[in-house]
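Participant: Supplied in structure tokens, the structure appears directly below.
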Amino acid sequence: MSKCENEATVAHLTLIKIDILTLFPEIALAPLSESIIKRAQVAGIVEIQAHKLRDWATDKHHKTDDTLCGGGPGMLLKPEPLFAAIEALRGPDTLVVLMTPQGKVFKQAIARELSQQSHLLFVCGHYEGVDHRVIEQLVDLELSIGDYVLTNGAIAAAVVSDAIIRLLPGALGDDQSSVEESFSQQNLLEAPAYTKPAEFRGLAVPDVLLSGNHKNIAAWQKEQAVARTRKNRPDLLE
Ligand code: ADE
């Protein structure tokens with residue numbers, strides 16, 4: 088075996104297992120099936136499986152939703168298939184996370200915490216959400232990816248999974264890159280960045296970045312990071 092083949096087949100210890108329970112497994116899996124996350128799965132760093140909620144609906148029509156008690160528009164996911172599925176998929180070390188716009192807002196710090204878990208089970212809401220007995224009895228964490236409403240939680244589960252997996256040792260080619268980026272160190276966005284050519288359509292890369300003076304470059308980046316944060320995310324500076 089050549090050195091190259093040898094390196095490509097180095098077996099990693101699986102660091103985390105992610106199960107996604109949803110009406111739409113394909114929606115959850117599609118964004119996790121390319122590029123870095125695909126390579127992390129092939130390398131065995133993460134194991135991802137999506138499960139169709141409908142498979143746990145035992146009635147003749149495999150019904151997973153119903154109208155709201157007390158009235159109101161829309162449908163809610165029924166408790167029976169969710170209880171059966173979660174009880175079948177969870178183990179003693181599982182953290183059960185419900186994706187919902189009613190949840191705690193997902194941040195990089197939560198991604199870091201969740202990346203330390205050994206098993207995550209994402210439960211994806213749909214329609215108006217899930218019967219509250221599921222949340223009371225089975226859910227450890229309700230998580231939202233932002234203050235807007237998606238058509239279903241499978242999209243949100245893929246977003247959260249991506250943010251977690253890229254933090255796992257070995258998932259990114261260069262482990263440093265997840266340390267030096269926005270949100271990782273301080274409450275500052277990253278400074279503007281440029282690549283070659285040094286001049287494009289009359290637009291020049293700032294001289295300091297071509298100066299080779301690392302002290303000046305660091306000072307410029309800090310100043311730019313603060314200015315960018317003030318403009319785009321003043322809430323981070325409060
Ligand atoms: N389902 C629908 N909208 C959502 C959101 N913003 N976050 C998580 N799950 C959701």
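To convert, take the position in the sequence shown, counting from 1, and add 87; that gives the working numbering.
Beta carbons are placed, not taken as given, at the ideal position from N, Cα and C, and that holds for glycine.
1) Run through DSSP, which three-state label would residue 296 get?
2) Under 6 Å from any heavy atom of ligand 1, does the C-beta of residue 154 make it?
3) Go through its chain and collect everything with a Cβ distance to residue 245's Cβ below 7 Å, but skip five positions before and after it.
4) Assign residue 347 to one of three DSSP states: helix, strand, or coil.
5) With respect to 6 Å, is the separation between the Cβ of residue 233 and the closest non-hydrogen atom of ligand 1 below this value?
6) Which same chain residues end up closer than 8 Å to residue 311 when comparing Cβ atoms and leaving out the 5 residues on each side of it in sequence?
7) May I ask you to report which of helix, strand or coil DSSP gives residue 249?
8) With DSSP run on the structure shown, which of helix, strand or coil describes residue 322?
9) From residue 186 to residue 169, what distance separates their C-alpha atoms?
10) Quick one, are the C-beta atoms of residue 110 and residue 140 less than 7 Å apart?
11) Provide the residue(s) that pair with residue 153 in DSSP beta bridges, ordered along the chain.
12) Tell me where the alpha helix (DSSP H) around residue 327 begins and ends.
13) Can you give the Cα-Cα distance for residue 221 and residue 196, rounded to whole angstroms?
14) Residue 327 bridges to which residues according to DSSP?
15) Residue 319: which of 255, 289, 276 sits nearest, CA to CA?
16) Compute the Euclidean distance between the alpha carbons of residue 200 and residue 289, then round it to the nearest angstrom.
17) From what residue to what residue does the alpha helix (DSSP H) around residue 128 run?
18) Residue 130: which of 214, 190, 259 sits nearest, CA to CA?
19) Just to confirm, is the Cβ distance from residue 164 to residue 217 under 7 Å?
20) May I ask you to report which of helix, strand or coil DSSP gives residue 311?
21) Measuring only the C-alpha atoms, how far is residue 322 from residue 150?
Facilitator: Based on what the coordinates show:
1) helix
2) no
3) 115, 118, 119
4) Lying before the first or after the last residue shown, residue 347 is absent from the chain, which here runs from 88 to 325.
5) yes
6) Excluding residues within five positions, the ones whose Cβ falls inside 8 Å are 278, 279.
7) helix
8) In this structure, residue 322 counts as helix in the three-state DSSP scheme.
9) Between the C-alpha atoms of residue 186 and residue 169 there is a straight-line separation of about 13 Å.
10) yes
11) Residue pairing of residue 153 in beta bridges, as defined by DSSP: 163.
12) Because residue 327 is not part of the residues shown, which for the chain are 88 to 325, the question remains open.
13) 26 Å
14) For residue 327 there is no data in the structure shown, the boundaries of the chain being 88 and 325.
15) 276
16) 45 Å
17) 122 to 129
18) It is 259.
19) yes
20) helix
21) When the Cα atoms are used, residue 322 and residue 150 turn out to be separated by approximately 44 Å.
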